[in-house]
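Engineer:
There are 2 protein chains.
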Amino acid sequence: MRIGELSRATGVSAKTIRYYEDVGLLIAPPRRDNNYRDYGDNDVATLKFIHRARNLGFAIKDVAQLVALWRDKDRASADVKAFATRHIAEVEVRIAELQSIRDTLATLAARCHGDDRPDCPILDDLQDPMAG
Amino acid sequence: MRIGELSRATGVSAKTIRYYEDVGLLIAPPRRDNNYRDYGDNDVATLKFIHRARNLGFAIKDVAQLVALWRDKDRASADVKAFATRHIAEVEVRIAELQSIRDTLATLAARCHGDDRPDCPILDDLQDPMAG
DNA sequence: CCTTGACCTTCCATCGGCTGGAAGTCCTAT
DNA sequence: ATAGGACTTCCAGCCGATGGAAGGTCAAGG
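Protein chains in written order, with our numbering: chain A, -10 to 121; chain B, -10 to 121.
1. My understanding is that Ile111 of chain B touches Cys101 of chain B, with C-beta atoms under 8 angstroms, so please give their C-beta distance in whole angstroms.
2. Measure the Cβ-Cβ separation of Ala98 of chain A and Ile84 of chain B and say whether it is below 8 angstroms.
3. So, helix, strand or coil for Arg26 of chain A, using DSSP?
4. Which residues in the same chain have their Cβ closer than 8 angstroms to the Cβ of Arg20 of chain B, if we skip the five residues on either side of it in sequence?
5. Applying a beta-carbon distance threshold of less than 8 angstroms, which residues of chain B neighbour Asp108 of chain A?
6. Taking the alpha-carbon of Gln54 of chain B as reference, which of B:Asp30, B:Glu86, B:Leu15 and B:Val80 has the nearest alpha-carbon?
7. Between the C-alpha atoms of Arg(-9) of chain B and Arg41 of chain B, what's the straight-line distance to the nearest angstrom?
8. Quick check on Arg20 of chain B: does DSSP put it in helix, strand or coil?
9. How about Asp30 of chain B and Pro18 of chain B: do their beta carbons lie closer than 8 angstroms?
10. Beta carbon of Leu36 of chain B, beta carbon of Ile6 of chain B: below 8 angstroms?
11. For the candidate residues A:Gly103, A:Glu10, A:Glu(-6) and A:Ala3, whose alpha-carbon lies nearest to that of Ile49 of chain A?
12. In whole angstroms, what is the alpha-carbon distance linking Val12 of chain A and Arg60 of chain A?
13. Does Lys70 of chain B have its Cβ less than 8 angstroms from a Cβ in chain A?
14. Check Ala57 of chain A in the structure and name its three-state DSSP category.
15. Thinking C-beta only, is Arg75 of chain B closer than 8 angstroms to Pro107 of chain A?
16. So what's Leu15 of chain B in DSSP terms, helix, strand or just coil?
17. Give a yes or no on whether 8 angstroms exceeds the smallest Cβ distance from Lys50 of chain B to chain A.
18. Taking DSSP as the reference, what is the three-state secondary structure of Ala95 of chain B?
19. For the alpha helix (DSSP H) holding Leu(-5) of chain B, just list the boundary residues, first then last.
20. Establish whether the CB of Val33 of chain A and some CB of chain B are separated by less than 8 angstroms.
21. What's the gap between the Cα of Leu124 of chain B and the Cα of Ala73 of chain A?
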């Protein structure tokens, strides 16, 4: 199949498919006489795998490793689990950061009158978090 | 003061200070005879404000607006509050996305034996999330 | 006087992960 | 013949820095 069909089958844009090939995440497929890329059914499965891994927040480098593990029928599940566990920890750090940001902003917004007076704890705190 | 001292006083690298000037977030300071940037105490306060706003996840464009509001002694606090509230909503969306990712990964990791057998629900799910 | 080293200057390149657009080719339908 | 769509390549840009090259400036020490 051509790149457009692969795109429709996976939900990944043709632009992005070419990009993935460029950065070594997808193996360059054979070309037809007209130089069009020619994909097979395997490529649909691989690209769906990649797409889902990206949606789960794995970086492209990590996805490349995951694809390698996925292709290796003899890998130990422990390797994959360790990989996922590390990533979970990273995601949790990011969540905690964002929650801290949200809590700070929510506290400030709650203390802000929100009327047409100029006094504003939000800006005051941005200026000097230790005051007030 | 020179850029190095401003950097030390605010925790923002000299590189980043020049970058902020470049993108219009900081006003270009006067230069000394030797062409070195010459900052004053005001700049410490402004850059600290910017630093903190960035840490709270505001984009540079938004920080520029916040600085403008901060400088405008007559602005209505409602304007700032609306600004912050919009941003809180965005942060919460991002938190929800990450939590969904974490939950999915945690579920998969829990179902994975994590031994030296090749069977691995994590990879299976990445391949076909609807199965099993 | 000269060197060392810390500091400053500019400019250009790189990261991640695409996305947009230009310019050209290929194929089908009318 | 021509219009359109899908494909090709390559180059530019987004955000928010960061790294490094190549050079100017200054004070202290040998």
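Heads up, the beta-carbon is just placed ideally off N, CA and C, and yes, glycines get one too.
Structural biologist: Let's see:
1. To locate residue 111 of chain B, count along the second sequence from 1; it is residue 122. To locate residue 101 of chain B, count along the second sequence from 1; it is residue 112. Right, their Cβ atoms sit about 5 angstroms apart.
2. For this step, residue 98 of chain A is matched to residue 109 along the first sequence. For this step, residue 84 of chain B is matched to residue 95 along the second sequence. Their beta carbons are not under 8 angstroms apart, which means Ala98 of chain A does not touch Ile84 of chain B by this criterion.
3. In the first sequence, residue 26 of chain A corresponds to position 37, counting from 1. Correct three-state label for Arg26 of chain A: strand.
4. Working through the second sequence from its first residue, we reach residue 20 of chain B at position 31. For Arg20 of chain B, same chain residues with a beta-carbon under 8 angstroms away, outside a window of 5 residues either side, are Arg26 and Asp27 in chain order.
5. If you number the first sequence from 1, residue 108 of chain A lands on position 119. The answer, in chain order, is Ser66.
6. Against the second sequence, residue 54 of chain B aligns to sequence position 65. It is B:Leu15 whose Cα lies nearest to the Cα of Gln54 of chain B.
7. By one-based count along the second sequence, residue -9 of chain B stands at place 2. By one-based count along the second sequence, residue 41 of chain B stands at place 52. Distance between the alpha carbons of Arg(-9) of chain B and Arg41 of chain B is about 21 angstroms.
8. One-based indexing of the second sequence puts residue 20 of chain B at position 31. Here Arg20 of chain B sits in strand by DSSP.
9. Here residue 30 of chain B corresponds to residue number 41 of the second sequence, with the count starting at 1. Here residue 18 of chain B corresponds to residue number 29 of the second sequence, with the count starting at 1. No, these two residues do not count as a Cβ contact at 8 angstroms.
10. The residue labelled residue 36 of chain B in the question sits at position 47 within the second sequence. The residue labelled residue 6 of chain B in the question sits at position 17 within the second sequence. Closer than 8 angstroms, so yes.
11. Reading the first sequence from its first residue, position 60 is the one you call residue 49 of chain A. Ranking A:Gly103, A:Glu10, A:Glu(-6) and A:Ala3 by Cα distance to Ile49 of chain A puts A:Glu10 first.
12. Indexing the first sequence from 1 puts residue 12 of chain A at position 23. Indexing the first sequence from 1 puts residue 60 of chain A at position 71. Cα-Cα distance, rounded: 19 angstroms.
13. Taking the first residue of the second sequence as position 1, residue 70 of chain B is located at position 81. Yes, its Cβ sits closer than 8 angstroms to a Cβ of chain A.
14. Here residue 57 of chain A refers to the residue found at position 68 when the first sequence is read from its first residue. Here Ala57 of chain A sits in helix by DSSP.
15. As a first step, residue 107 of chain A must be located in the first sequence, where it is residue number 118. As a first step, residue 75 of chain B must be located in the second sequence, where it is residue number 86. Cβ distance not < 8 angstroms, so Pro107 of chain A and Arg75 of chain B don't count as in contact.
16. In the second sequence, counting from the first residue as 1, residue 15 of chain B sits at position 26. In the structure shown, Leu15 of chain B sits in coil (DSSP, three-state: anything other than H, G, I, E or B).
17. Looking up residue 50 of chain B in the second sequence gives position 61. False, the Cβ-Cβ gap to chain A never drops below 8 angstroms.
18. In the second sequence, residue 95 of chain B corresponds to position 106, counting from 1. DSSP places Ala95 of chain B in helix when its eight states are reduced to three.
19. Numbered from its first residue, the second sequence carries residue -5 of chain B at position 6. Ile(-8) to Thr(-1) is the span of the alpha helix (DSSP H), which, as asked, contains Leu(-5) of chain B.
20. To locate residue 33 of chain A, count along the first sequence from 1; it is residue 44. It does not: the Cβ of Val33 of chain A has no partner Cβ on chain B nearer than 8 angstroms.
21. Look at the range of chain B in this structure, -10 to 121, and you will see that residue 124 of chain B is not part of it.
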